[in-house]
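Colleague:
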Amino acid sequence: GEVVVSDRFTLANVVYQGHAGGLSGDELWRVGAFATGGLEPDLTVVFDLSPGLAAARRNRAADRMEERGEEYFAAVKRGFTFEAGMRPDKYRLVDATPDADTVQKAVRREVGRLLAARGWAVGEPA
268 GEVVVSDRFT LANVVYQGHA GGLSGDELWR VGAFATGGLE PDLTVVFDLS
318 PGLAAARRNR AADRMEERGE EYFAAVKRGF TFEAGMRPDK YRLVDATPDA
368 DTVQKAVRRE VGRLLAARGW AVGEPA
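Residue numbers for the sequence shown follow my numbering, so the first one is 268 and each next one is one higher.
1. Report the start-end ranges of each beta strand (DSSP E) in the region 281 to 328 that is 3 residues or longer and not cut off at the edges.
2. Using a Cβ-Cβ cut-off of 8 Å (strictly less than) and excluding sequence neighbours within five positions of Leu381, which residues of its own chain qualify?
3. Going by the DSSP bridge assignment, what does Val361 pair with across the sheet?
4. Give a yes or no on whether the C-beta atoms belonging to Val370 and Gly379 are separated by under 8 Å.
5. Given a cut-off of 8 Å on the beta-carbon distance, is the pair Ala367 and Phe314 in contact?
6. What's the call for Arg331, buried or exposed, on a 16-neighbour Cβ count within 10 Å?
7. Within this structure, are the beta carbons of Ala342 and Ala302 separated by less than 8 Å?
8. Specify the secondary structure class of Arg354 as computed by DSSP and reduced to three states.
9. Leaving out five residues before and five after Val281 in sequence, what residues of the same chain have Cβ atoms less than 8 Å from its Cβ?
10. Could you spell out where the alpha helix (DSSP H) holding Ala388 opens and where it closes?
11. Does the beta-carbon of Leu278 have 16 or more other beta-carbons within 10 angstroms, so that it is buried, or is it exposed?
12. Run through DSSP, which three-state label would Phe347 get?
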């Protein structure tokens, strides 16, 4: 009966280790289901942004993961897009190219729909 917000879950493992890392996505889903006791988020918001724009927005030096090449991050983007298409009831792609306020409103809209459908009183984002 509570709302929990998390910044990563099984989907991230499947995409980074599977789609972009070469491991079996099916096996990663099975391991994730076992590790979480079958727990899944009700909604996963995926920020859809080109790897080039994401790198350009970074305001610090790249870390070990971020130093991977363009090909790797293209595979990551394809992986998130593919998985979101497989479960449109659970995953929402949000265009992250606009400014932060616009993206935030889109996220609030998606989360608000879910909460309202579950009986939580929510207002429209300003």
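C-beta: ideal position from N, C-alpha, C; glycine also.
Modeller: Reading from the atomic positions:
1. 311 to 315
2. Here residue 381 refers to the residue found at position 114 when the sequence shown is read from its first residue. Excluding positions up to five away in sequence, the list reads Asp309 and Leu310.
3. The residue given as residue 361 occupies position 94 in the sequence shown. DSSP output for Val361 lists Phe314 as bridge partner(s).
4. Here residue 370 is taken as the residue at index 103 of the sequence shown, counted from 1. Here residue 379 is taken as the residue at index 112 of the sequence shown, counted from 1. In this structure, Gly379 does not lie closer than 8 Å to Val370 by Cβ.
5. What you label residue 367 is simply residue 100 of the sequence shown in a count that begins at 1. What you label residue 314 is simply residue 47 of the sequence shown in a count that begins at 1. Their beta carbons are not under 8 Å apart, which means Ala367 does not touch Phe314 by this criterion.
6. Along the sequence shown, one-based indexing puts residue 331 at 64. Arg331 comes out exposed.
7. The count along the sequence shown starts at 1 and reaches residue 342 at position 75. The count along the sequence shown starts at 1 and reaches residue 302 at position 35. Contact: no.
8. Sequence index remark: in the sequence shown, residue 354 carries index 87 (1-based). Coil, per DSSP.
9. Here residue 281 corresponds to residue number 14 of the sequence shown, with the count starting at 1. Around Val281: Gly292, Leu295, Trp296, Gly299, Gly346 and Glu350.
10. By one-based count along the sequence shown, residue 388 stands at place 121. Ala388 -> no alpha helix (DSSP H), and no H or E assigned at all.
11. By 1-based counting over the sequence shown, the position of residue 278 is 11. The residue is buried, with at least 16 neighbouring Cβ atoms inside 10 Å.
12. The count along the sequence shown starts at 1 and reaches residue 347 at position 80. Note: Phe347 maps to helix in three-state DSSP.
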